[in-house]
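Shown next, in structure tokens, is the structure this report addresses.
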Amino acid sequence: MKKRQKRLLLVAGGLAGLAVVTGLVLNAFRDNLVFFYTPSDIAAEIVPMERTFRIGGLVEDGSVYRGEDGVTVHFRVTDTAVAVPVVYHGILPNLFREGQGVVAVGSLQDGGVFKANQVMARHDETYMPPEAAEAIKRAQREGARTVAHPEGY
Amino acid sequence: MSERGIQWFRFTAPANFYDLAGRLIPWFAALTVALFGVGLYMGLVVAPSDYQQGDSYRIIYIHVPTAWMGMFLYVLMAVYAAIGLIWRIKIAEIMAKSIAPTGALFTFLALWTGALWGRPTWGVFWVWDARLTSMLLLLFLYLGYMALHAAIDDRQRASNASAVLAMVGVVNVPIIYFSVHWWNTLHQGASITVTEAPTMAMIMFVTLMIMVLAAWMYSIAVVLARARVELLERERTAHWVRERLEGERG
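First to last, the sequence lines map onto chains W and P.
Just so it is clear: in the first sequence, position 87 is 87 by this note's numbering, and no numbers are missing.
Just so it is clear: in the second sequence, position 214 is 1214 by this note's numbering, and no numbers are missing.
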């Protein structure tokens, strides 16, 4: 075998081995690499209850209300299966709104309320002009109406 | 080598590479200026604002091209490094070394613009989620590659050692790409994938692609220019260098 071929084999073999090792390590750490837990994880009690952790999900529609002092906010974070009540005292990011993604940092209190020290907004990978978003909403409303119409008869 | 007959091996000859690169650089530089001009105008003026994020989403026109470039260039650098290591082609070694600073610059810009984008949308400059952390690791890999190259005086040993580092670091690139897919992250998923239509308005997508092309043109021009200088330095005693430098002077 030529020196060149030996080097090629060495490099190829080394990289293949490395890829396997990395795959195994990532697989082993799978659960430790999550940035946030979901409300379902809390229901299944696989979250570290005794220390600070993050929960993520959508802000449930119609769940947001502000306390009398004006800076305490109550809302529920849902993953559409389970919803967790959250209380937060502070300024919310601009993108925080009902139906939007959110990640809250804090800990679970007695009674199952999540007390957040920090709230971050998540946004999805969709970008479009406001008019397009409006048009989609309108189309969905009209679509719902045309579907609902025959049943109304 | 007995297979010297293959035509494209000619371009790996230092003198030919030097001349060809010299002729190509002005074209790529001109394309860079033109595409950045058009792309920035479209991104800042023509493209509409976003329905959720308003105008702050416009950072995407810098953020995504720089992040992609940082990742692409790393793979390219590793491929050149591997070719240099296995086949002992000097130009490949030089290309690998020349790509590193540009890749590091783009990675840094991606992290920086990401922080500036994160503050108004997420509410934080930085979080240790899988996407952000693996991207930071990419920057450290670039810096480590450059540091290792600079730390060893012997050229051949420097090339070999840093080539191994470059190749090992490649495993990080798919981790960056799939991080938003494999784990819960604060960073959102990919808007543009090979298999599906982009989840962004067409005008935004076109603008983004122009900026991506501009980043490519910039990278090619700058890397070739850097490789030319590196080549001159390595070959300073060679006949062809003296020939060309005297020609330029006269």
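By construction, the Cβ of each residue, glycine as well, lies at the ideal position given by its N, Cα and C atoms.
Locate the alpha helix (DSSP H) running through residue i, then write down its first and last residues.
{"i": "residue 107(W)", "result": "Taken as a continuous stretch (DSSP letters only), residue 107(W) belongs to no alpha helix (DSSP H), being part of the beta strand (DSSP E) at 101 to 108."}
{"i": "residue 1058(P)", "result": "Premise fails: residue 1058(P) is in no alpha helix (DSSP H) and is neither H nor E."}
{"i": "residue 129(W)", "result": "Per DSSP, residue 129(W) belongs to no alpha helix (DSSP H) and is neither H nor E."}
{"i": "residue 1021(P)", "result": "1014 to 1041"}
Using a Cβ-Cβ cut-off of 8 Å, state whether residue i counts as contacting chain W.
{"i": "residue 1048(P)", "result": "yes"}
{"i": "residue 1167(P)", "result": "yes"}
{"i": "residue 1065(P)", "result": "no"}
{"i": "residue 1051(P)", "result": "yes"}
{"i": "residue 1152(P)", "result": "no"}
{"i": "residue 1191(P)", "result": "yes"}
{"i": "residue 1156(P)", "result": "no"}
{"i": "residue 1086(P)", "result": "yes"}
{"i": "residue 1173(P)", "result": "no"}
{"i": "residue 1016(P)", "result": "no"}
{"i": "residue 1021(P)", "result": "no"}
{"i": "residue 1103(P)", "result": "no"}
{"i": "residue 1123(P)", "result": "yes"}
{"i": "residue 1041(P)", "result": "no"}
{"i": "residue 1002(P)", "result": "With a pLDDT of only 46 at residue 1002(P), under the threshold of 50, the placement of this residue in the model should not be trusted, and no figure is reported."}
Taking residue i and residue j to be in contact with their CB atoms under 8 Å, please state how far apart those CB atoms are, rounded to whole angstroms.
{"i": "residue 80(W)", "j": "residue 56(W)", "result": "Contact doesn't hold; Cβ gap of about 13 Å is too wide."}
{"i": "residue 121(W)", "j": "residue 102(W)", "result": "6 Å"}
{"i": "residue 1235(P)", "j": "residue 1014(P)", "result": "5 Å"}
{"i": "residue 95(W)", "j": "residue 78(W)", "result": "Rounded, the Cβ-Cβ distance is 17 Å, inconsistent with contact."}
{"i": "residue 73(W)", "j": "residue 1085(P)", "result": "About 57 Å; that fails the 8 Å criterion."}
{"i": "residue 85(W)", "j": "residue 47(W)", "result": "About 15 Å separates the two Cβ atoms, so there is no contact after all."}
{"i": "residue 1156(P)", "j": "residue 123(W)", "result": "Residue 1156(P) to residue 123(W), Cβ: 49 Å. No contact."}
{"i": "residue 1080(P)", "j": "residue 1103(P)", "result": "In fact, because the Cβ distance is near 11 Å, the residues do not count as touching under 8 Å."}
{"i": "residue 1107(P)", "j": "residue 1063(P)", "result": "Not quite, the Cβ-Cβ distance comes to about 12 Å (not below 8 Å), so this is no contact."}
So residue i is in the beta strand (DSSP E); what residue range does that whole segment cover?
{"i": "residue 118(W)", "result": "114 to 122"}
So, is residue i buried or exposed, given that buried needs 16 or more other C-beta atoms within 10 angstroms?
{"i": "residue 1167(P)", "result": "buried"}
{"i": "residue 32(W)", "result": "exposed"}
{"i": "residue 1194(P)", "result": "exposed"}
{"i": "residue 151(W)", "result": "Bear in mind that the predicted position of residue 151(W) carries a pLDDT of just 40, short of 50, making it too unreliable to give a figure here."}
{"i": "residue 136(W)", "result": "exposed"}
{"i": "residue 1237(P)", "result": "exposed"}
{"i": "residue 1231(P)", "result": "buried"}
{"i": "residue 1(W)", "result": "exposed"}
{"i": "residue 93(W)", "result": "buried"}
{"i": "residue 1069(P)", "result": "buried"}
{"i": "residue 1239(P)", "result": "exposed"}
{"i": "residue 13(W)", "result": "exposed"}
{"i": "residue 52(W)", "result": "exposed"}
{"i": "residue 1187(P)", "result": "buried"}
{"i": "residue 1245(P)", "result": "exposed"}
{"i": "residue 1154(P)", "result": "exposed"}
{"i": "residue 41(W)", "result": "buried"}
{"i": "residue 1045(P)", "result": "exposed"}
{"i": "residue 1149(P)", "result": "buried"}
{"i": "residue 19(W)", "result": "exposed"}
{"i": "residue 1145(P)", "result": "buried"}
{"i": "residue 91(W)", "result": "exposed"}
8 Å is my cut-off, CB to CB: does residue i come that close to chain P?
{"i": "residue 73(W)", "result": "no"}
{"i": "residue 112(W)", "result": "no"}
{"i": "residue 88(W)", "result": "no"}
{"i": "residue 117(W)", "result": "no"}
{"i": "residue 53(W)", "result": "no"}
{"i": "residue 56(W)", "result": "yes"}
{"i": "residue 68(W)", "result": "no"}
{"i": "residue 80(W)", "result": "no"}
{"i": "residue 139(W)", "result": "no"}
{"i": "residue 7(W)", "result": "yes"}
{"i": "residue 130(W)", "result": "yes"}
{"i": "residue 33(W)", "result": "yes"}
{"i": "residue 85(W)", "result": "no"}
{"i": "residue 133(W)", "result": "yes"}
{"i": "residue 93(W)", "result": "yes"}
{"i": "residue 108(W)", "result": "no"}
{"i": "residue 124(W)", "result": "yes"}
Pick out the complete alpha helix (DSSP H) segments inside the region 24 to 99 of chain W, 4 residues or longer, and give them in chain order.
If we require 4 residues or more, the alpha helix (DSSP H) runs fully inside the region 24 to 99 of chain W come out as 39 to 43.
Kindly provide the ranges of any alpha helix (DSSP H) runs that are 4 or more residues long and lie completely inside the region 1061 to 1094 of chain P, ordered along the chain.
Qualifying alpha helix (DSSP H) stretches: none in this window.
What ranges does the beta strand (DSSP E) occupy inside the region 1135 to 1211 of chain P, keeping only unbroken runs of at least 3 residues that lie completely in it?
Qualifying beta strand (DSSP E) stretches: none in this window.
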